[in-house]
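Peer 1: Encoded as structure tokens, here's the structure I'll be asking about.
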Amino acid sequence: MEGEKYCMRLYFYLKKLFQRYFTSFQKKILWSFLLTSIIPLISLSVLSYFLSYNIAKNKIFDSISYSSNQLNVILSNRFEQMKNASSLIQNYLYPLVIQPPQKLSDQLESYSTVRNNIIYLKEAYLLDNITIYINPQFLFSDEGITFFPTSELHKRGINEQQLSINTNKLEWILSENINEPFVVNQSYQKKRYLTCFITYQKKDTKTIDYAIFLDLDAQEVNQLLDESSTDSSINSYLIDQNGIILAHNNSKLIGQQMKKKIFNKIATNEEPFKIKNNQYIFKRNEITGWYIVTEVPTSYIVKNTIVLISILISAVILVIIISIVSSLFISKELSKKIRTIAKTIKSISLDNNNLISVKLPIDKEKEFKDEFDSLAITFNNMTESINTNFNAILNFKIQEEKMKYQLEQSKINPHFLYNMLDSIKTCQTLGRIDDANKMISQLAHFYRMILKKGDELILIKDELEIAQVYLQLEKLNKSMEFHWKIENEEGIENFLIPKFVLQPILENCIHHGINNVNTPLFIQISITYKNDAIQFTIQDNGRGITDEKIETLCQVLNNNAFRTNHFGLSNVNYRLSLYSSEKPTIQISRLHPQGTLVSFTIHQMISEELFFEELGG
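Per the UniProt record's numbering, residue 1 is the first one in the sequence shown, and the count goes up by one each step.
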């Protein structure tokens with residue numbers, strides 16, 4: 001019984017869930033698209049992850065293997081030098097030991113020559129020691145620096161019987177706790193060497209004639225191993241044919257047997273191989289028969305592939321997001337016809353005076369039309385007359401607005417022109433011919449600039465030039481003296497502004513700002529950057545306007561309406577509103593104790609010519 005109730009609850013829950021997320025046409029398309037794209041994409045991403053990781057790992061191994069090869073070449077060159085040195089020393093010893101001179105003086109001379117040659121080889125090949133053990137019968141066997149009797153071979157942990165097993169063959173060993181004569185190394189400290197030696201014994205004798213030992217400081221090899229590692233976590237070390245560690249950055253491990261499991265892999269030539277958390281790469285040195293082993297921790301591989309993996313994961317996440325967004329977009333577009341029909345039919349109402357008729361799209365070239373197309377044709381026929389009338393009204397309104405804007409743009413205050421002409425006539429009547437001529441020249445220059453700049457948008461520097469010409473005209477026209485100052489930030493004059501917007505504002509400043517007292521009127525124009533916009537501020541020290549008048553002006557500007565008595569400011573406010581985000585565009589406030597502040601903000605706009613000049617420069 002309880003099981004049936006649980007099944008019923010689950011059934012109703014799933015039904016509700018299905019109804020919420022799977023019933024609409026768009027959601028069905030969306031889910032089907034996601035199932036057919038996201039799941040394969042995730043599978044492909046997982047596969048790409050493993051492929052990318054393996055490729056990156058192989059690249060890292062190739063780099064480390066290349067470093068190991070380079071190290072092997074360097075060590076081979078060093079060991080080759082020791083091998084060549086041993087051959088040269090054998091040649092030197094032949095006339096001294098194998099066929100010695102009979103006379104004592106000749107022996108001493110030959111000994112001196114051999115000794116000097118050996119010293120030269122030691123310095124030339126940068127060897128720590130060259131030691132020769134010879135038969136005690138020779139006079140110079142107790143020399144104690146380069147030549148020693150064979151009875152002292154025990155100091156190297158070896159005896160004559162061991163040497164006689166492999167005579168006339170170059171051998172390589174690790175020599176530990178070697179205490180060389182103080183006169184050679186100036187120290188009693190025991191050292192560790194990588195040594196090559198060769199023993200010579202005549203066939204008809206049972207005793208060795210000489211044994212040559214060439215010692216290379218193990219620290220030199222350790223340093224080469226350290227320098228070859230690209231990271232401190234990577235260990236490179238040298239082992240012999242039996243797995244004995246000959247050189248390692250951990251001195252405690254030198255002379256120890258490496259782990260048998262690792263050495264068995266090396267002995268069977270399995271490269272590369274992995275044991276626990278380490279990857280191993282090894283190279284065999286053909287001269288010594290030793291192995292250079294490089295131990296790479298898995299953490300190093302992960303650390304060096306994390307950037308690639310992060311990029312891959314980020315790319316996958318980005319692709320998934322793009323897929324989801326595109327799925328939403330595509331499903332929206334696929335269901336657009338249904339939504340358009342439903343929305344359009346729903347929006348139609350006889351009581352809706354603001355009805356906007358929308359034609360449903362129909363593919364006329366489509367040979368076989370479906371039910372949606374038939375429904376759209378019927379709907380379009382039904383609303384065709386409404387659409388025609390509405391579009392006619394709409395087009396008329398658009399043309400009206402265009403003509404209105406063009407009319408407002410081309411208007412120049414007729415009162416300004418009338419006043420200027422009247423002032424010129426007055427100057428001529430009073431005999432002020434120079435002032436009249438100046439006013440005519442300035443007025444001609446003023447209109448020439450306005451007519452020359454045919455575009456609605458002009459450079460700020462051109463608008464400022466028009467404003468200055470206007471102010472000079474007014475200064476000639478007015479009987480009272482007034483001054484002005486223009487401040488703008490660097491580079492701001494190259495942005496665009498609607499043409500002829502400053503003149504009406506300046507006209508109001510002069511009209512409302514002239515005092516009856518002797519205080520001269522001062523007008524300051526400031527242009528500054530404001531975030532991504534440009535702010536214009538015009539202020540004066542005139543008598544100003546009343547608070548009631550400011551309130552009336554603000555209402556007119558806020559409604560973006562045209563008033564006959566405020567036509568100039570209304571015109572400017574309407575034109576500036578097309579290029580500003582603030583409402584009202586023009587802000588007017590009263591300054592204390594006197595004066596008026598007018599400000600407006602427009603977007604930063606730049607001309608195409610200047611834009612391409614800066615882009616090309």
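Built from N, CA and C at the ideal position, the CB exists for glycine as well.
For clarity, every value in this text was computed on a predicted model and none was experimentally measured.
Could you check whether ILE292 and SER76 sit closer than 8 Å to each other, using their CB atoms as the reference points?
Peer 2: Cβ distance not < 8 Å, so SER76 and ILE292 don't count as in contact.
Peer 1: Alpha carbon to alpha carbon, how far is ILE550 from GLU456? Give it in angstroms, no decimals.
Peer 2: The straight-line gap from Cα to Cα measures roughly 29 Å.
Peer 1: Bridge partners for THR537 per DSSP, in chain order?
Peer 2: Beta-bridge pairing links THR537 to SER526, SER599.
Peer 1: Nearest to LEU597 by alpha carbon, out of GLN604, VAL325, GLY513, GLU582?
Peer 2: The option with the nearest alpha carbon to LEU597 is GLY513.
Peer 1: Just the Cα atoms here: how many angstroms apart are ILE198 and TYR237?
Peer 2: Answer to the nearest angstrom: the Cα atoms are 25 Å apart.
Peer 1: Return the first residue and the last residue of the beta strand (DSSP E) that ASP532 is part of.
Peer 2: Where ASP532 is concerned, there is no enclosing beta strand (DSSP E), given that its DSSP letter is neither H nor E.
Peer 1: On the DSSP bridge list, what partners appear for ASP235?
Peer 2: Rather than Asp, the amino acid found at residue 235 in this sequence is Asn. Partner(s): GLU295.
Peer 1: From VAL73 to ALA267, what does the alpha carbon distance come to, in whole angstroms?
Peer 2: Near 21 Å, if we compare the C-alpha coordinates of ALA267 and VAL73.
Peer 1: Would DSSP call TYR280 helix, strand or coil?
Peer 2: Three-state result, TYR280: strand.
Peer 1: Please tell me whether residue 619 and GLY491 are closer than 8 Å, where the distance is taken between their beta carbons.
Peer 2: The structure shown does not extend to residue 619, since the chain spans only 1 to 617, so no value can be given for it.
Peer 1: My understanding is that PHE536 touches ILE527, with C-beta atoms under 8 Å, so please give their C-beta distance in whole angstroms.
Peer 2: Right, their Cβ atoms sit about 6 Å apart.
Peer 1: Around the Cβ of PHE97, are there at least 16 other Cβ atoms within 10 angstroms (buried) or fewer (exposed)?
Peer 2: The identity of residue 97 in the sequence shown is Val, whereas the question assumes Phe. Result: buried.
Peer 1: Kindly indicate which three-state DSSP category PHE482 falls into: helix, strand or coil?
Peer 2: Looking at PHE482 - three-state DSSP - the assignment turns out to be strand.
Peer 1: By DSSP, does LEU582 sit in helix, in strand, or in coil?
Peer 2: In the sequence under discussion, the amino acid at residue 582 is Glu, which differs from the Leu named in the question. Coil at GLU582, not helix or strand.
Peer 1: Just to confirm the assignment, what range does the alpha helix (DSSP H) spanning LEU214 have?
Peer 2: Careful: LEU214 lies outside any alpha helix (DSSP H), inside the beta strand (DSSP E) at 210–217.
Peer 1: What is the rounded straight-line gap between the Cα of GLN442 and the Cα of GLU465?
Peer 2: Roughly 12 Å between the two C-alpha positions.
Peer 1: DSSP on SER141, reduced to helix/strand/coil?
Peer 2: The answer is helix: DSSP assigns SER141 an H, G or I state.
Peer 1: Is it the case that the Cβ atoms of TRP290 and ILE239 are separated by a distance below 8 Å?
Peer 2: Their beta carbons are under 8 Å apart, which means TRP290 touches ILE239 by this criterion.
Peer 1: Please state whether the Cβ-Cβ distance between SER37 and SER323 is less than 8 Å.
Peer 2: Cβ atoms of SER37 and SER323: closer than 8 Å.
Peer 1: What is the DSSP secondary structure of ARG432, reduced to helix, strand or coil?
Peer 2: DSSP places ARG432 in coil when its eight states are reduced to three.
Peer 1: State the start and end residues of the unbroken beta strand (DSSP E) segment that holds PRO498.
Peer 2: Note, PRO498: beta strand (DSSP E), 496–498.
Peer 1: Contact check, TYR200 vs GLN81 under 8 Å by CB: the rounded distance?
Peer 2: The Cβ separation is near 20 Å, so there is no contact.
Peer 1: Given a cut-off of 8 Å, decide if SER175 and ARG156 are closer than it, judged by their beta-carbon atoms.
Peer 2: Yes, the Cβ-Cβ distance between ARG156 and SER175 is below 8 Å.
Peer 1: So what does residue 619 bridge to, in DSSP terms?
Peer 2: Because residue 619 is not part of the residues shown, which for the chain are 1 to 617, the question remains open.
Peer 1: Does the distance from the C-beta atom of SER607 to that of LEU496 stay below 8 Å?
Peer 2: Contact flag set, yes.
Peer 1: Quick one: give me the first and last residue of the alpha helix (DSSP H) that THR113 is part of.
Peer 2: Segment 104–124, the alpha helix (DSSP H) holding THR113.
Peer 1: Tell me the rounded alpha-carbon separation between PHE273 and THR294.
Peer 2: Straight-line Cα distance between these residues: approximately 11 Å.
Peer 1: How is SER607 classed by DSSP in three states: helix, strand or coil?
Peer 2: DSSP places SER607 in coil when its eight states are reduced to three.
Peer 1: Using the rule of at least 16 other Cβ atoms within 10 Å of the residue's Cβ for burial, across every protein chain shown, is THR44 buried or exposed?
Peer 2: According to the sequence displayed, residue 44 carries Leu and not Thr. By the 10 Å Cβ count, LEU44 comes out exposed.
Peer 1: Can you give the Cα-Cα distance for ASP226 and ASN249, rounded to whole angstroms?
Peer 2: Going by the C-alpha atoms only, they are around 7 Å apart.
Peer 1: Specify, as a first and last residue, the run of the alpha helix (DSSP H) that LYS549 falls within.
Peer 2: Element bounds for LYS549: 547–558.
Peer 1: Starting from the C-beta of GLN162, find all residues in its chain whose C-beta is less than 8 Å away, skip the five residues before and the five after it, and write them out in chain order.
Peer 2: Excluding sequence neighbours, GLN162 sits near nothing in its chain.
Peer 1: Using the C-alpha atoms, what's the distance from LEU214 back to THR146?
Peer 2: Going from the Cα of THR146 to the Cα of LEU214 covers about 11 Å.
Peer 1: Once the 5 residues before and after SER589 are set aside, which same chain residues still bring their CB inside 6 Å of it?
Peer 2: Cβ within range, chain order: LEU597.
Peer 1: Any idea what DSSP makes of PRO40, helix, strand or coil?
Peer 2: PRO40 falls in the helix class under three-state DSSP.
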